[in-house]
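Beneath this line is the structure, given in structure tokens, with notes to follow.
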Amino acid sequence: SSGSGGEGTGPQLQDIIEKQQDLGKQLKEQMGKNMKGEGQENTDEGEHSKLFEIYKQQEEIRRNLERILKENDEHLNDLNQDYDELEKDILNNDINQNSLNTLNKLNQKMLNLKESLNEKGERNERESKTSMRDFDNQSPKNNIEIKDYFNSIEILDRHSLPLRPNLKQRVNTYFND
6 SSGSGGEGTG
16 PQLQDIIEKQ
26 QDLGKQLKEQ
36 MGKNMKGEGQ
46 ENTDEGEHSK
56 LFEIYKQQEE
66 IRRNLERILK
76 ENDEHLNDLN
86 QDYDELEKDI
96 LNNDINQNSL
106 NTLNKLNQKM
116 LNLKESLNEK
126 GERNERESKT
136 SMRDFDNQSP
146 KNNIEIKDYF
156 NSIEILDRHS
166 LPLRPNLKQR
176 VNTYFND
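Start counting the sequence shown at 6; every next residue gets the next number (my numbering).
Okay, structure coming up:
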């Protein structure tokens with residue numbers, strides 16, 4: 006898929022947004038299980054391992070997002086608090102409506118970031134094209150080529166062209182009148 010921001014290796018922003026949304030679905034499922042189980046005492050080992058997998062995926066998403074932001078000279082400051090809160094909820098098996106709200110805020114901020122990076126990329130592209138138009142620097146031919154060119158013209162000036170007598174007469178008439 007076509008991400009924005011950075012052409013380096015690793016997932017692009019669009020991939021990260023999609024992974025974050027998939028993770029949101031997993032968290033909703035987990036929250037449903039927690040509601041049925043009514044609390045942490047009833048969670049079994051399988052659910053704990055599922056939560057830990059979700060946590061690891063969330064950490065990976067966060068690292069990839071940080072990498073993309075660094076590549077684009079952006080900062081994660083306002084996202085950090087939301088990520089910390091969400092990761093804490095996942096680790097404590099305390100996934101509730103607040104967790105989902107935090108996740109929705111993260112998704113919205115990432116979509117805004119994607120749009121902002123796209124606009125920034127378009128602006129840079131437009132500026133660079135303008136610069137290329139303004140500074141179309143064609144280097145002059147080297148001196149030897151220029152001298153050769155003028156010498157060839159001078160030779161033509163010195164030698165009369167081999168013309169038939171009637172054309173020669175017309176040329177003389179043209180230049181002498």
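Ideal placement from N, C-alpha and C gives every residue a C-beta, glycine not left out.
*In three-state terms, what does DSSP make of E52?*
helix
*What is the rounded straight-line gap between the Cα of K33 and the Cα of N77?*
32 Å
*Determine the DSSP secondary structure at P170, reduced to helix, strand or coil.*
helix
*Residue nearest to N112 in terms of C-alpha spacing, selected from G126, D83, K125 and K55*: D83
*Check each candidate in Q25, E52 and Q26 and name the one with the smallest Cα separation from G37.*
E52
*Take every Cβ of the segment 88-99, pair it with every Cβ of the segment 112-123, and state whether three or more of those distances are shorter than 8 Å.*
no
*asked:* I need the DSSP call for N101, collapsed to helix, strand or coil.
replied: coil
*Quick one: what's got a C-beta closer than 8 Å to L91's C-beta in the same chain, skipping five residues either side?*
Q63, S104, T107, L108 and L111
*From E124, Q35 and E71, residue whose alpha carbon lies closest to that of F57*: Q35
*Reduced DSSP secondary structure (H/G/I, E/B, other) of N77*: coil
_Cutoff 8 Å; reference D1; Cβ partners in own chain excluding five residues on either side_ = In the structure as shown, the chain starts at 6 and stops at 182, and residue 1 therefore has no counterpart that could be examined.
*Looking at the unbroken alpha helix (DSSP H) that takes in D87, where does it start and where does it end?*
N82 to L96
_Can you tell me whether Q17 is helix, strand or coil according to DSSP?_
coil
*State yes or no: is the C-beta of L32 nearer than 7 Å to some heavy atom of the ligand HEM?*
For the ligand HEM, the structure offers nothing, since it holds no ligand at all.
*Ordered along the chain, which non-local residues of its own chain (more than five positions away) have a Cβ less than 8 Å from that of G185?*
Outside the modelled stretch of the chain, which goes from 6 to 182, sits residue 185, for which no answer is possible.
*Which of the three DSSP states, helix, strand or coil, is assigned to D153?*
helix
*With DSSP run on the structure shown, which of helix, strand or coil describes D182?*
coil
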